[in-house]
Amino acid sequence: MIAGLIGASLIFAIFFDSNIRQVQILYDDDMNMIGAAPFNPSLMFPMGTDALGYDTSMKVLQGAKFTLISVIAIGLLRVCTAFLFAIPLAMYTPDRLRKSLEQLLSSFYFVPLTIVAVFILTPVLWEQLRMPGWEEYFLYSYKARVGIEILVLTLLVVPLLGSLIANLIVSALKEDFIEGAKVLGASKWRVFSKHIMPHVLPNLVIVFCQQCVQVLVIFIHLGYFKLFFGGTDVDYNPYVADPPLSTTNEWSGLIGDYYNLLHANPAIALGPIIMFGICIYAFQLMAEGFQRHLDTRNVMGMKKRKIHQNGYADSPRINFEFLYKRGDYIDKKL
């Protein structure tokens with residue numbers, strides 16, 4: 044159900060492309076000014092407005108496609124790349140070497156990925172200034188910036204995630220049915236495709252949901268450092284410079300844009316924060332629901348088989364008593 048809601052909202056966000064409503068000053072019927080931007084959440088502005096009077100809810104809808112599509116894409120790339128890395132690590136690497144690599148890769152748990160991403164992505168996403176002439180420019184095109192950010196956020200966790208998936212494959216290789224398949228002469232490819240994949244694939248769905256949550260959290264951190272998805276528009280005006288702006292209105296960019304305006308209106312960043320919370324909670328629910336299904340599928344299968352057997356055993360039998368009575372009647376006649 045949650046996955047369906049996210050899918051429906053994502054489809055709506057992809058096709059949503061409308062001009063963002065801007066209201067800087069509100070007047071009453073007598074043309075008296077009753078308020079100025081930023082406005083608090085109301086029926087007219089469900090999530091309030093920013094300092095320039097732009098409707099925050101419209102911005103959130105406009106940036107949803109960039110946020111959700113990028114999160115799902117990075118999550119899929121992380122799981123697929125780590126899975127390809129884990130196959131030779133689990134099936135073709137000696138146990139001693141694999142354990143040594145696992146100990147080495149476990150040190151990456153203590154490396155803050157956000158700080159590493161900030162150092163790598165700052166020259167990519169931050170708009171530069173060329174002197175003389177005060178020309179503002181990016182080092183890379185928009186598509187290149189998006190591709191580099193997705194690639195960096197994917198590769199940062201491949202060693203850790205590959206080690207985790209390799210452990211799942213190794214634990215599956217120790218099952219009794221794997222030994223039975225090997226005794227019967229199954230090749231490594233058949234063991235992997237017919238036994239390992241059905242055993243590991245459901246766990247990869249849970250890992251995918253967890254990675255989507257992690258990507259959302261990293262996006263929030265990057266937004267705090269003013270590194271927005273697709274690039275950060277920087278104003279180098281020496282007199283009155285505007286704060287860094289997001290070029291796509293994605294949610295982490297909105298949080299970074301509104302962070303400096305919290306003193307003027309505490310509710311100004313409430314909209315994107317709520318949407319981040321809803322998405323994180325939705326992915327967590329999907330992971331927990333799928334994990335619960337994996338934990339109970341064998342028990343439910345046994346119950347169904349038991350019910351089926353009891354139903355078959357307790358089914359009404361054909362009563363042949365009338366045949367015995369008919370036989371007794373014939374005997375008396377004779």
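All residue numbers for the sequence shown refer to this note's numbering, where the first residue is 44 and numbers rise by one.
The beta carbon of each residue, even a glycine, is placed where N, CA and C say it ideally should be.
Since the structure is predicted, the reported quantities are computational estimates derived from the model, not experimental observations.
Problem set entry | Residues of its chain near SER100, where Cβ-Cβ distance is below 8 Å and the 5 sequence neighbours each way are ignored | PHE88, PRO89, MET90, GLY314
Problem set entry | Status (buried if at least 16 other CB within 10 Å, exposed otherwise) for TYR372 | Only weak support exists for where TYR372 lies, its pLDDT of 48 falling under 50; the coordinates are left without a value.
For this session: Under the assumption that SER289 contacts ILE263 (Cβ atoms under 8 Å), give the Cβ distance between them as a whole number of angstroms.
Result: That belief does not hold up - the Cβ atoms of SER289 and ILE263 are roughly 13 Å apart, past 8 Å.
Exercise. Given a threshold of 16 other Cβ atoms within 10 Å of its Cβ, counted over all protein chains shown, does ARG121 qualify as buried or as exposed?
Worked result: buried
Exercise. What residues match up with ARG141 in a beta bridge as DSSP calls it?
Worked result: Bridge partners of ARG141: none, in fact.
Problem set entry | Bounding residues of the beta strand (DSSP E) (the contiguous stretch that carries LEU172) | 171 to 173
For this session: Identify every run of the alpha helix (DSSP H) within the region 95 to 160, keeping only runs that are complete inside it and at least 4 residues long; order them along the chain.
Result: 99 to 134, 138 to 148
Exercise. Can you give, in chain order, each stretch of the beta strand (DSSP E) that sits fully within the region 262 to 289 and has at least 3 residues?
Worked result: none
For this session: Give a yes or no on whether the C-beta atoms belonging to ALA312 and TYR301 are separated by under 8 Å.
Result: yes
Exercise. What is the DSSP secondary structure of GLU331, counted as helix, strand or coil?
Worked result: helix
For this session: Would you list, in sequence order, the uninterrupted alpha helix (DSSP H) runs of no fewer than 4 residues that lie entirely inside the region 192 to 224?
Result: 201 to 216
Problem set entry | DSSP three-state assignment for THR291, whether helix, strand or coil | coil
Exercise. DSSP state of TYR180, grouped into three classes?
Worked result: strand
Exercise. Can you name, in chain order, every residue of its own chain whose Cβ lies under 7 Å from the Cβ of ALA160, other than the five neighbours on each side?
Worked result: VAL195, LEU196, LEU199, ILE261, LEU265
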